[in-house]
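For the record, the sequence lines run as chains A and B. Here this note's numbering is used: the first residue of the first sequence is 1, the next is one more, and so on. Here this note's numbering is used: the first residue of the second sequence is 456, the next is one more, and so on. Only one structure is covered here, and it is reproduced in the block below.
2 protein chains.
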Amino acid sequence: MGTPTRIILREDEIPTQWYNIQPDLPNPLQPPLHPETGEPIGPEELAPIFPMNLIEQEVSQQRWIDIPGPVLEKLATYRPTPLQRAKALEEALGTPAKIYYKNEGVSPPGSHKPNTAIAQAYYNKEFGIKRLTTETGAGQWGSALAMACSLFGLECKVFMVRISFDQKPLRKLMMQAWNADCVASPSNETEIGRRILAEKPDTPGSLGIAISEAIEDCVRSDDTRYSLGSVLNHVMLHQTVIGLEAKRQLEMVGDYPDVVIGCAGGGSNFAGLSFPFLYDKINGRQVEVVATEPTACPTLTRGPFTYDFGDTGMTTPLLPMYTLGHDFVPPPIHAGGLRYHGMAPLVSRLVRDGLVEPRALHQNDCYESAVLFARTEGFICAPETSHAIATAIHEARRAKEEGKEKTILLNWSGHGLMDLSGYEAFFRGDLVDLALPEEDLRESLKGVEDLPKPK
Amino acid sequence: MGTPTRIILREDEIPTQWYNIQPDLPNPLQPPLHPETGEPIGPEELAPIFPMNLIEQEVSQQRWIDIPGPVLEKLATYRPTPLQRAKALEEALGTPAKIYYKNEGVSPPGSHKPNTAIAQAYYNKEFGIKRLTTETGAGQWGSALAMACSLFGLECKVFMVRISFDQKPLRKLMMQAWNADCVASPSNETEIGRRILAEKPDTPGSLGIAISEAIEDCVRSDDTRYSLGSVLNHVMLHQTVIGLEAKRQLEMVGDYPDVVIGCAGGGSNFAGLSFPFLYDKINGRQVEVVATEPTACPTLTRGPFTYDFGDTGMTTPLLPMYTLGHDFVPPPIHAGGLRYHGMAPLVSRLVRDGLVEPRALHQNDCYESAVLFARTEGFICAPETSHAIATAIHEARRAKEEGKEKTILLNWSGHGLMDLSGYEAFFRGDLVDLALPEEDLRESLKGVEDLPKPK
Numbered sequence: 001m002g003t004p005t006r007i008i009l010r011e012d013e014i015p016t017q018w019y020n021i022q023p024d025l026p027n028p029l030q031p032p033l034h035p036e037t038g039e040p041i042g043p044e045e046l047a048p049i050f051p052m053n054l055i056e057q058e059v060s061q062q063r064w065i066d067i068p069g070p071v072l073e074k075l076a077t078y079r080p081t082p083l084q085r086a087k088a089l090e091e092a093l094g095t096p097a098k099i100y101y102k103n104e105g106v107s108p109p110g111s112h113k114p115n116t117a118i119a120q121a122y123y124n125k126e127f128g129i130k131r132l133t134t135e136t137g138a139g140q141w142g143s144a145l146a147m148a149c150s151l152f153g154l155e156c157k158v159f160m161v162r163i164s165f166d167q168k169p170l171r172k173l174m175m176q177a178w179n180a181d182c183v184a185s186p187s188n189e190t191e192i193g194r195r196i197l198a199e200k201p202d203t204p205g206s207l208g209i210a211i212s213e214a215i216e217d218c219v220r221s222d223d224t225r226y227s228l229g230s231v232l233n234h235v236m237l238h239q240t241v242i243g244l245e246a247k248r249q250l251e252m253v254g255d256y257p258d259v260v261i262g263c264a265g266g267g268s269n270f271a272g273l274s275f276p277f278l279y280d281k282i283n284g285r286q287v288e289v290v291a292t293e294p295t296a297c298p299t300l301t302r303g304p305f306t307y308d309f310g311d312t313g314m315t316t317p318l319l320p321m322y323t324l325g326h327d328f329v330p331p332p333i334h335a336g337g338l339r340y341h342g343m344a345p346l347v348s349r350l351v352r353d354g355l356v357e358p359r360a361l362h363q364n365d366c367y368e369s370a371v372l373f374a375r376t377e378g379f380i381c382a383p384e385t386s387h388a389i390a391t392a393i394h395e396a397r398r399a400k401e402e403g404k405e406k407t408i409l410l411n412w413s414g415h416g417l418m419d420l421s422g423y424e425a426f427f428r429g430d431l432v433d434l435a436l437p438e439e440d441l442r443e444s445l446k447g448v449e450d451l452p453k454p455k
Numbered sequence: 456m457g458t459p460t461r462i463i464l465r466e467d468e469i470p471t472q473w474y475n476i477q478p479d480l481p482n483p484l485q486p487p488l489h490p491e492t493g494e495p496i497g498p499e500e501l502a503p504i505f506p507m508n509l510i511e512q513e514v515s516q517q518r519w520i521d522i523p524g525p526v527l528e529k530l531a532t533y534r535p536t537p538l539q540r541a542k543a544l545e546e547a548l549g550t551p552a553k554i555y556y557k558n559e560g561v562s563p564p565g566s567h568k569p570n571t572a573i574a575q576a577y578y579n580k581e582f583g584i585k586r587l588t589t590e591t592g593a594g595q596w597g598s599a600l601a602m603a604c605s606l607f608g609l610e611c612k613v614f615m616v617r618i619s620f621d622q623k624p625l626r627k628l629m630m631q632a633w634n635a636d637c638v639a640s641p642s643n644e645t646e647i648g649r650r651i652l653a654e655k656p657d658t659p660g661s662l663g664i665a666i667s668e669a670i671e672d673c674v675r676s677d678d679t680r681y682s683l684g685s686v687l688n689h690v691m692l693h694q695t696v697i698g699l700e701a702k703r704q705l706e707m708v709g710d711y712p713d714v715v716i717g718c719a720g721g722g723s724n725f726a727g728l729s730f731p732f733l734y735d736k737i738n739g740r741q742v743e744v745v746a747t748e749p750t751a752c753p754t755l756t757r758g759p760f761t762y763d764f765g766d767t768g769m770t771t772p773l774l775p776m777y778t779l780g781h782d783f784v785p786p787p788i789h790a791g792g793l794r795y796h797g798m799a800p801l802v803s804r805l806v807r808d809g810l811v812e813p814r815a816l817h818q819n820d821c822y823e824s825a826v827l828f829a830r831t832e833g834f835i836c837a838p839e840t841s842h843a844i845a846t847a848i849h850e851a852r853r854a855k856e857e858g859k860e861k862t863i864l865l866n867w868s869g870h871g872l873m874d875l876s877g878y879e880a881f882f883r884g885d886l887v888d889l890a891l892p893e894e895d896l897r898e899s900l901k902g903v904e905d906l907p908k909p910k
């Protein structure tokens, strides 16, 4: 069968430690700030929202952190995930490049999200928490947390943005199958939800509102905490199993990437794949690392690096990051997971320091790439993942033009079987290529003008 | 981590031969008959519908048949599939039994169907065929063939039963992503379709009509053939990779099943898992083999063993099988893949000879089992697969009552992420427990009274 198509690790080859990039950063991460005092936030101020064991992980400077046994056991339901060689795609492109993709779509909810959901559910349970709240946009994160809570016997409450709740009824059913309670946001279950509904009964909702509801629900009970599926340091940490496995799998075939690619919304799947390779890069090894995002929500390519709120409601601490401004309302592109105004502080820092190259892509280009991938490799990707595929295809075409061999690695972060409506718009030919107008960007950045600036 | 959760084979451990059970049958399979002459059908009569290389496989008496290299290469996109130990489910049941499930849900369309779709697309391409036609009910088979045709560069036409076409728009999009042309059946593209639409413009369609349309479309072009996703001998053959892998995986942990379980609609996923174990049973080894079906469509448990047509339109040869009569209209249960009046002749023969035990289950029981499985193991199964899970749970509970150890193996034939509406009905509590009334069965069996009887 020649060179392998799928590089497989056995169960006892799941990484037993996460890689924490914090001690290796050329410039240290600056702390989250209290929005009123402007002072660094202390652990005790986060305690009503997160359990202390996760808060400790958030600020840890330890390079390697042991993965607890019960987390490993649940991860083993679908990990290690396959590293696959896209031979048929390479052939269709006629490229001398080798394209490898890490297939995170094999998890029960179909994406990389359970890697952190399982860890977070475990740590909360260990800390004596009985119930988790969260928000979800398109539904990938809410589904993953619902599953993780079910596996560890926690209750789970998901506030799902109203417009997605109505458009994607299957997602709610998925969460229900995992015993989670999923309600449309804004809901009647919180003060803020009731206030917004009273003012605007027909509102489609927003991620900002849903976050505010999830936090309000969380802080009113001692045995409840809040869970976030991206952005935070401990989330990036939990995702590094992806890159650690991929490195080992490439070693098995004697290969190493020239370029590592992930799509970036909040940053978690990108970080998961790339951080273990960035460790090498920081230590002098030659490897390009590319974070791709939509031109419609160009956080890394066009936003400033500044302190900003994580949510529209301005309830979170201020985070040092690239941002389009917390008032930014992304246009309705199909890659819901990439419609976030900010970016993980760790990913932002690495872009700021020139270790990661951001690129922005139009959605038509991405869907075209996704369809070519499906017709050659078989797997239908999530709209978010299509950004990584399109970037890999550009790299492979460039290798062909230059007549150079090249090893490309991308994170295939999830399947698109529950998000096919974007493909429908693409086939109909009415997918709008949205690039953010300069004046809209200027407008939405007004909200960050007076906020502190990180060094 | 103790005993393994997931038993993984590497790519070079994919079986390189299929197992053909025909030479090992205690009583040989009786031939398909021409419906008019009552004489055995010869290969040349099937030639307008199937390519000769598959017709030869259909009647082969060779025990081991080499899997061609290009088929192995495409199978390697998702095979070998994991064999998983359902430890959390066992714990929830408090059973001394070990439950293993073969996870066929990791394929691109999410079921076992591509195992034969890939082989059939390959053999048709080798024979010079440019285009395949088929029918699909709920959409699993149509999706799998669409993908396989895309991988081998064949055109694909899918006639999808109108009611499913309207209820499951995502399935059509999936097929489109793989470049297939999927139309609602009855369609305006065939004589029979136009005739039925003229008589009954609002008809919901049926699998029988869709088969007739696919065959009519096929026979009018020299470069087109028809493809069937179950029932036929070569389809069962292609699925045996499932059981061959599972045997090897169990050997790796020093285990062997006391009972092997698969759900049976047309018979293909059941055959795929069980035939390699039935080889052992025929050769004297102790192993129970159970085929499960819905009480609403109880082909094996209540139908007679007789010659019958494979389709409602009476266009196929007569096959020796258990059947509810080709006029049987199954009630609208959610396991669409189990709503078939007949059963693969090979599976029928093995039931007839006492080597396979059939059992029928109510759909409420099945969904209850599926939900327990999802909440403990994470994976949400297809409605068809829930029949195998429910049977495994019954076996595990019996082992607990009897205080006996037992090794249970089931075929987890597909995920249910695109078929969640059955779960919705279950959660709402309005899932009807349909058992076939005796008088309806008597009525639908009138159509087979005058057909020949196999020995």
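All C-beta atoms, glycine included, are put in the ideal place defined by N, C-alpha and C. These numbers come from a predicted model, not from an experiment.
Residue i: first and last residue of the uninterrupted beta strand (DSSP E) it sits in
i, result
"lysine 702/B", "Unbroken run through lysine 702/B is the alpha helix (DSSP H), 696-707; no beta strand (DSSP E)."
"tyrosine 461/A", "Residue 461/A cannot be examined here, being either before or after the span of chain A that is shown, 1 to 455."
"glycine 663/B", "Counting along the chain, glycine 663/B falls outside any beta strand (DSSP E), though it belongs to the alpha helix (DSSP H) covering 662-674."
"arginine 359/A", "357-361"
"leucine 773/B", "773-777"
"valine 260/A", "259-263"
"valine 934/B", "The requested residue 934/B does not occur in the structure, where chain B is confined to residues 456 to 910."
Segment limits, alpha helix (DSSP H) that includes residue i
i, result
"asparagine 269/A", "268-282"
"tyrosine 878/B", "876-883"
"alanine 392/A", "385-402"
"threonine 315/A", "It is not in any alpha helix (DSSP H) - threonine 315/A carries neither H nor E in the DSSP assignment."
"leucine 865/B", "Per DSSP, leucine 865/B belongs to no alpha helix (DSSP H); it is in the beta strand (DSSP E), 862-867."
"arginine 757/B", "754-757"
Residue i to residue j span [Cα, whole Å]
i, j, result
"leucine 9/A", "glutamate 135/A", "33 angstroms"
"arginine 540/B", "glycine 205/A", "42 angstroms"
"glycine 303/A", "phenylalanine 50/A", "29 angstroms"
"phenylalanine 165/A", "valine 158/A", "11 angstroms"
"alanine 399/A", "tryptophan 412/A", "21 angstroms"
"methionine 456/B", "serine 598/B", "No answer about methionine 456/B holds up, because its pLDDT of 45 lies below 50 and its placement is not dependable."
"tyrosine 78/A", "arginine 852/B", "26 angstroms"
"threonine 3/A", "glutamate 13/A", "21 angstroms"
"isoleucine 215/A", "glycine 663/B", "54 angstroms"
"isoleucine 896/B", "leucine 779/B", "According to the sequence displayed, residue 896/B carries leucine and not isoleucine. Straight-line Cα distance between these residues: approximately 7 angstroms."
"glutamate 893/B", "proline 753/B", "11 angstroms"
"serine 515/B", "serine 841/B", "33 angstroms"
"leucine 436/A", "leucine 33/A", "29 angstroms"
For residue j and residue i, believed in contact at Cβ under 8 angstroms, the rounded distance
i, j, result
"isoleucine 282/A", "leucine 355/A", "7 angstroms"
"alanine 837/B", "glycine 871/B", "4 angstroms"
"valine 329/A", "alanine 291/A", "Incorrect: roughly 22 angstroms between the Cβ atoms, too far for contact."
Report task. Please confirm if the region 853-860 of chain B is in contact with the region 571-587 of chain B, defined as three or more CB-CB distances below 8 angstroms between the two stretches. Result -> no
Query raised in the report: What runs of the alpha helix (DSSP H), each 4 residues or longer, lie entirely inside the region 533-605 of chain B?
Result: Counting only unbroken stretches of 4 or more residues, the alpha helix (DSSP H) elements lying wholly within the region 533-605 of chain B are 542-548, 569-581, in sequence order.
Query raised in the report: Are the region 839-849 of chain B and the region 695-707 of chain B touching by the rule of at least three beta carbon pairs closer than 8 angstroms?
Result: No contact exists between the region 839-849 of chain B and the region 695-707 of chain B.
Query raised in the report: So does the region 773-792 of chain B actually touch the region 729-736 of chain B, counting three or more Cβ pairs closer than 8 angstroms?
Result: Verdict: no, contact absent.
**Report entry** Three or more C-beta pairs below 8 angstroms linking the region 63-72 of chain A and the region 17-31 of chain A
**Finding:** yes
Query - Secondary structure, alpha helix (DSSP H): runs of 4+ residues fully inside the region 477-507 of chain B - result: 498-501
Requested in this report: Say whether the region 828-842 of chain B touches the region 541-550 of chain B, bearing in mind that this needs 3 or more beta-carbon pairs closer than 8 angstroms, one atom from each stretch.
Outcome: yes
Query raised in the report: On the three-pair Cβ rule with 8 angstroms, is the region 487-498 of chain B touching the region 442-453 of chain A?
Result: no
Requested in this report: Quick one: which unbroken alpha helix (DSSP H) runs of 4-plus residues sit fully inside the region 144-196 of chain A? Chain order, please.
Outcome: For the region 144-196 of chain A, the full-length alpha helix (DSSP H) segments reaching 4 residues or more read 162-167, 169-177 along the chain.
Query raised in the report: For the region 421-439 of chain A against the region 625-644 of chain B, are there 3 or more C-beta pairs whose distance is under 8 angstroms?
Result: yes
Query raised in the report: Hey, is the region 820-829 of chain B in contact with the region 522-532 of chain B, meaning 3+ C-beta pairs nearer than 8 angstroms?
Result: The region 820-829 of chain B makes no contact with the region 522-532 of chain B: fewer than 3 CB pairs, one atom from each, lie closer than 8 angstroms.
Requested in this report: Count the CB pairs spanning the region 105-117 of chain A and the region 221-241 of chain A that are closer than 8 angstroms, and state whether there are at least three.
Outcome: yes
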